[in-house]
Amino acid sequence: MRLITKQLASKLLLVFSRLMMLPVLLMTGGQVLAASDAAVDEAQRWGLNMTEGVTAVSREIYDLHMLIFWICVWIGVVVFGIMFYSMIMHRKSVGAVPAKFHESTAVELAWTIVPAIILVLMAIPATSSLIKIYDTTEADIDIKIVGHQWKWQYEYLGQDVGFFSNLSTSQDEIYGLVPKGEHYLLEVDEPLVIPINKKIRFLITANDVLHAWWVPALAVKRDAIPGYINDAWTIVEEPGTYRGQCAELCGKEHGFMPIVVEAMEEQDYQNWLAGKKQEAEELRAAMSQTFSMDELYARGEKVYQANCVACHGVNGEGGLGPSLVGSGITTGPIDNHINVMVNGVAGNVVMPVFGNQLNNIDLASVITFKRNAWGNNMGDQLQPVDILTFKKNQ
Amino acid sequence: MGDHHGPAKGFGRWLFTTNHKDIGTMYLWFSFAMFLLGGVFALVIRAELFQPGLQLVRPEFFNQMTTMHGLAMVFGAVMPAFLGLANWLIPMMVGAPDMALPRMNNWSFWILPFAFALLASTLFMEGGGPNFGWTFYAPLSTTYAPPSVTYFIFAIHIMGASSIMGSINIIATILNMRAPGMTLMKMPLFVWTWLITAYLLIAVMPVLAGCVTMMLMDIHFGTSFFSAAGGGDPILFQHVFWFFGHPEVYIMILPAFGIASAIIPTFARKPLFGYASMVYATASIAFLSFIVWAHHMFTVGMPIAGELFFMYATMLIAVPTGVKVFNWVSTMFRGSMTFETPMLFAIAFVILFSIGGFSGLMLAIAPADFQYHDTYFVVAHFHYVLVPGAIFSIMAAVYYWLPKWCGNMYDERLGKAHFWLSFIGLNVTFFPMHFVGLAGMPRRIPDYALQFADFNQIASMGAFLFGFSQVFFLFIVIKTIRGGAKATDEVWENPEGLEWTIPSPAPYHTFTTPPPIK
Amino acid sequence: MATDSKSVDGYEPYYVPEQSAFPILATIGLFAFVFGLGTFFNEMQAETSGSGRYISIAGFLILSATLFFWFRQAISENMQGMNSMQLKRSYVWGMGWFIFSEVMFFAAFFGALFYVRNFAGPWLGGEGDKGVHIALLWENFKYTWPMMETPDQVVNGAKAAFVGAGEGNSLYPADAHNGLLHWLPLYNTIILLASSVTVHMAHVGLKNDNRSAFKGWLFITVALGIGFLFLQYMEYHEAYVDLGLTLESGIYGTTFFMLTGFHGFHVFLGMTMLLIMLLRAQKGHFSHEDCFGFEAASWYWHFVDVVWVCLFFFVYII
Ligand code: HEA
Ligand code: HEA
Ligand code: CUA
Ligand SMILES: [Cu+2]
């Protein structure tokens, strides 16, 4: 207990000494001044201000943000200045005698008109930025983004490349069983890859509830709305990894659906794309292959960890969804099991329809895994072709 | 006439009362209870956010806490508190014997505890309580909602009925019950702001009722208001909701403006500067509040014309609000000021509300809002306008009028201590939220990335300090009611208003014959 | 309690009732009503049956009974001359603002219709900026109003959850000018407009102390209200049974039934109010100078009428 208090106290001290530096940080507006290099580093670690980002638009927004910020600060300084002046000089205790004046049309007019002019001055750059942001024409690459509870799906239109992107932080990290990694909660199994200096258009929609696709460094935030398509665009200028998060409450795991964008040189991008296509090719070939029980089980476990734990628990013990241990589906007729996985549960919108979210190999593996894990010991297994047959016969 | 009756005895007094003072008292106590309840929910949120990682609650429960915190504070704490003040003060300020429709007044109040009992009980239902935020966006609140959403909908319905009846009563009282000679432009600003607030309430509560009715139909009767598959649109929900929701936030601040306009002149010993312009500014804010709703929806992908329109209209609100702030400052200017507790709260109100207003203005800049939206920057904005805005004004009002209500003076030392604790606690809680918000922390998340850890820790500690000081407030109020120095009839030095012409504590029935108005 | 009204200096005491049990009883009734209704709806959803409906009915009965006695007391207070002119004005303000709140309730639904027809619908059909890429989701969907085929159907075929009534099943197709049904909304418009006139005639009768004219016109008004509801019932029957146009037929059915349904419900309310006024008239209530109860009901009736005219225009004509 004492230790905790001590830690808290030292932390507080640290924090307040940092807070003292705030004015300095803000004055420099995040600009590098030789003297306050250290302060700027601090600012970055503490994440005090909006990121400038890596696109022309994001910088424009940053400038706009700083502009309004400073205007507000100055208005505040003047208004609160006068107020504190009166509070100090016109106290009863220093013998102030109240004046009698209580209205003045001229003054009222002045302080109606002056703020209005200031607002107009703010509105001009804001309008021009907005018009730029809305110009989604003439894109080089179209990427369709679909928000699902709770993962993102990317599809490179016209390229036959598409995949899901899941949180890759482990449950153990989240529950504090192991130390948290550097990119805790901001890491995914498959990032979105884009080339730099190309105009990328994002076509954003959702499959279930509202989500919002947001990457601060690109200054792109657009709601993903089921049944409608929103568009947004970006031209990234620097290669790098940019991280963001879902920015619209979308249910239980809203805090756990990050976005990672990998921006790379055109050539690297082309290589990556080619690799992806090849992967898809191999996958297609594998669809007709037969897998061993061990292969299926191992693969299924991975699929399970990525897609199912959020609702059915690490050990199938259930949570938002029912327990899968010894349940009527996981230990019942295998066709029902396939049906649940391919078509979802009728009348229940929570359990996703995995038929076109997972490929046939993954479906076969995860079913096999569930039927043999956690003491379910059914001993049976599925091959990708079985799923294919099932889908065909529907 | 029941002029000289005292209050009835026992619990029946409260159940059956038609007296505006009794009803005002009940509103205020109810509101404080909801403030503590909503505050406890907030403390659960802050405790979970003390560190990264999931420690105390599961994400699904966290979402219920966020939702219930917002609902309890908005509909349970702030609105009933203002209604309580209106009940106590408006008849006394306009020289009326009571509210215009006393029995309906009682009905408006008693619906509330029932509505909130229903709402709070959902937390214990199968599938949990509402978990979709106080803005309950469809389809998370329809197709994907827990079954308890049905009770949530009906709770909102009857709460709305209560608000509408309360507002009708206030309008009828103000328009019809003023003592002869109390012309509109002689009314205290608190009465004016409430008149306009009541109008806003009657205009938007039915729209909220329509909104939840559409949800109800989508959930239970297969309609497709909010489903694209049937030809509807989830964004339609947001338009309907915010048509209510934005005026709602001004409902939570206009009476606060009225309170500040009563307190500041008293302690500056100088008449309010620009009374008429205050009235016009309030009316302009109310008018503008109807045409800015979509500034909550800048990222939903509205056509650009809409985006621009709502951006400009929103920015305009800074003008009349500025007029108010400038008028308050001019009232203090060359006054003869003292700083009793109500004045401290009122001054903090002006400063901190303005800061919240400034961040509001930043949010109104649509392109910048693409970076701010749904981050803690928004959370910082609205807590600055709501906590030191609405809540501080209510506390200022309680300190200011409590001696009139109960006849005893509160302890000035304790009052000041409460102020400073709250002031510090509040800023430590909510100021860092600006930073984490700008740095990219989304709102409504139970767990966050490591770079947000330090500021969240500070905010959580501040929250507990602030929460503790409100328990202290409760103590001060109870202490004052139970005893203390007797208050004079005027209580303060030369305050303006009819309520100071009657004895302290105010008799059970006041102004059964209208007072003369100078 | 209140005695005579006019006192010396031209000031009338305002009647502030003593304690009253009505509000808390009404609260309990209202609470039981909505709690039961919520339970009942959830039971329907879960396809079980339980106590929901009974709680709800009990609540409704408590609420109605309380309101009945409450109004009865308010009326008797008035008849005993306790109400000052000022209090009567309070009632007038109260009713006026209540009607305004009702206007705003309808505004929400009219707003929804406006939004769907001018924004959401065309976007789904590929028009406007937001329709550019929509074919990725709703390929081949064409927007028409009335929307007889939902996007759901176009894409999901037989698996669709929202099934429109289908082409040719429009209640009021733009080009069909035959059949009784087509003219039904027009008849209903005429009926309601006429009823607004008759309720006014009743008012005139009362003002002239012609009680039989008053009661006669009031009776006709109520009868017209019933006639309206009967025609609306026929329309709904036709829509549901013959045309397959239901609440579940997508946004057309949704907006159509919600708007006309809530209106019909308000007609029912207004008619009930007028009926009560008729019964009161029968008992000798109302005089040419004190008839606010009746006036309030007639205002409500005019309001319902105006809403219908808007409906006729926005739902049926354009
Ligand atoms: C009491 C409640 C209250 C008040 C008064 C306000 C006041 C304002 N609000 Fe706020 N707001 C909320 C409560 C409130 N808000 C809430 C609860 C939310 C979040 C809802 C949710 O999503 O959960 C929200 C969200 C919100 C958003 C959406 C953000 C987002 O989700 O992305 C926006 C955007 O425009 C906004 C803007 C404004 C503006 C421009 C004002 C203006 O009225 C402020 C005007 C005041 C000033 C500007 C200061 C004083 C003026 C001067 C000193 C004059 C000179 C100044 C200038 C010329 C700059 N608010
Ligand atoms: C008037 C409105 C109001 C008020 C006063 C407050 C007060 C507070 N709010 Fe507010 N808040 C909202 C309105 C308000 N909030 C709204 C509308 C939202 C959005 C919800 C949504 O996203 O849907 C929100 C969201 C919100 C969040 C974001 C949650 C998220 O995005 O996940 C946070 C996080 O810190 C927070 C914190 C606080 C804190 C610490 C206080 C403090 O001021 C609270 C002070 C604490 C107390 C008053 C407790 C005192 C009690 C005790 C110490 C225990 C004693 C107990 C008994 C005697 C029984 N609030
Ligand atoms: Cu997806 Cu939040
Ligand atoms: Cu707003």
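Protein chains in written order, with this note's numbering: chain A, 295 to 688; chain B, 49 to 566; chain C, 857 to 1174. Here a beta-carbon is modelled for each residue, glycine too, at the ideal position from N, C-alpha and C. Computed from a predicted model, the values in this text were never measured in an experiment.
At what residues does the alpha helix (DSSP H) containing E868/C begin and finish? Careful: E868/C lies outside any alpha helix (DSSP H) and carries neither H nor E.
Cβ of G1035/C less than 8 Å from any chain A Cβ? Caution is warranted here: a pLDDT of 48 is assigned to G1035/C, below 50, making its placement in the model unreliable, and the coordinate value is therefore given only provisionally. By this cut-off, G1035/C is not an interface position.
Who does F496/A pair with in a DSSP beta bridge? I437/A and A526/A
Note down the Cα distance separating K998/C from G612/A, rounded to an integer number of angstroms. 43 Å
Run down chain C in chain order and give the residues with a C-beta less than 9 Å from the C-beta of Y522/A. A976, W979, L980, K986, I990 and L993
Range covered by the beta strand (DSSP E) that runs through P187/B: Segment: none, P187/B is in no beta strand (DSSP E) and carries neither H nor E.
Taking M635/A and L618/A to be in contact with their CB atoms under 8 Å, please state how far apart those CB atoms are, rounded to whole angstroms. No, M635/A and L618/A are not in contact; Cβ-Cβ is about 12 Å, not under 8 Å.
My assumption, with CB atoms under 8 Å, is that K570/A sits in contact with V455/A. Please give the rounded CB distance. 5 Å
When you compare the stretch 64-72 of chain B with the stretch 137-152 of chain B, are there three or more beta-carbon pairs, one atom per stretch, that lie closer than 8 Å? yes
For R353/A, which residues does DSSP report across the bridge? In DSSP, R353/A forms no bridge with anything.
I'd like to know if the stretch 513-531 of chain A and the stretch 338-348 of chain B are in contact, where contact means that at least 3 CB-CB pairs between them fall below 8 Å. With three or more CB-CB distances shorter than 8 Å, the stretch 513-531 of chain A counts as touching the stretch 338-348 of chain B.
Terminal residues of the continuous beta strand (DSSP E) containing K515/A? V514 to A518
Alpha carbon of W979/C to alpha carbon of P351/B, nearest angstrom: In this model, W979/C and P351/B are separated by some 11 Å (Cα to Cα).
For E1175/C, does the count of other Cβ atoms within 10 angstroms reach 16, so buried, or fall short, so exposed? One cannot answer for residue 1175/C here, as it falls past the ends of chain C, which runs 857 to 1174.
Would you call the stretch 482-498 of chain A in contact with the stretch 436-449 of chain A, where contact means no fewer than 3 C-beta pairs closer than 8 Å? yes
Using a Cβ-based criterion (distance less than 7 Å to any ligand heavy atom), does M489/B qualify as near ligand 3? no
Between the CA atoms of G521/A and D629/A - distance to the nearest angstrom: 31 Å
Compare the beta carbon distance of E679/A and E532/A with 8 Å and say whether it is the shorter of the two. Sequence check: residue 679/A is Val here, not Glu. The answer is no: Cβ separation not under 8 Å.
Beta-carbon contacts of V92/B that lie in its chain and below 6 Å, excluding the five residues immediately before and after: M113
DSSP three-state assignment for Y910/C, whether helix, strand or coil: helix
Just the C-alpha distance for G981/C and W449/B, rounded to the nearest angstrom, thanks. 60 Å
Have a look at G908/C and A914/C and give me their C-alpha separation to the nearest angstrom. 10 Å
Does the stretch 404-417 of chain B touch the stretch 390-402 of chain A, meaning 3 or more C-beta pairs lie closer than 8 Å? no
Quick check on this structure: which residue in L451/A, K426/A, V639/A and W668/A has the alpha carbon closest to the alpha carbon of D434/A? L451/A
With DSSP as the reference, identify every bridge partner of T568/B, one or two as the case may be. Residue 568/B falls outside the range modelled here, since chain B spans only 49 to 566, and no answer is possible.
For G101/B, which option in P494/B, F516/B, F503/B and P551/B has the closest C-alpha, if you only look at C-alpha atoms? P494/B
Kindly indicate the opening and closing residues of the alpha helix (DSSP H) around P12/B. In this structure chain B extends from 49 to 566, so residue 12/B is not present and cannot be described.
Whose C-beta lies closer than 6 Å to the C-beta of E547/A among residues of the same chain, with five residues either side of it excluded? Hits under 6 Å: W444 and A604.
So, for F274/B: in the same chain, excluding its five sequence neighbours on each side, which residues have a beta-carbon less than 8 Å away from its beta-carbon? A186, P187, T190, M262, M263, D266, G280, D281, P282, L284 and F285
Give the list of continuous alpha helix (DSSP H) stretches no shorter than 4 residues that lie fully inside the stretch 161-236 of chain B. Within the stretch 161-236 of chain B, the alpha helix (DSSP H) runs of at least 4 residues that lie entirely inside it are, in chain order, 197-224.
Does the beta carbon of K438/A come closer than 8 Å to any beta carbon on chain C? At least one chain C Cβ lies under 8 Å of K438/A.
Within 8 Å of chain C by C-beta, residues of the stretch 107-132 of chain B in sequence order: Those would be none; no residue qualifies.
Flag this pair as touching only if the stretch 503-521 of chain B and the stretch 104-120 of chain B have three or more C-beta atom pairs under 8 Å; answer yes or no. Two segments are said to touch when three or more pairs of C-beta atoms, one from each, lie closer than 8 Å; by this definition the stretch 503-521 of chain B does not touch the stretch 104-120 of chain B.
Report buried or exposed for H482/B, applying the criterion of at least 16 other Cβ atoms within 10 angstroms of its Cβ. That one is buried.
Whose C-alpha, out of M443/B, Y432/B, D537/B and C454/B, is nearest the C-alpha of V476/B? Comparing Cα positions, the closest option is Y432/B.
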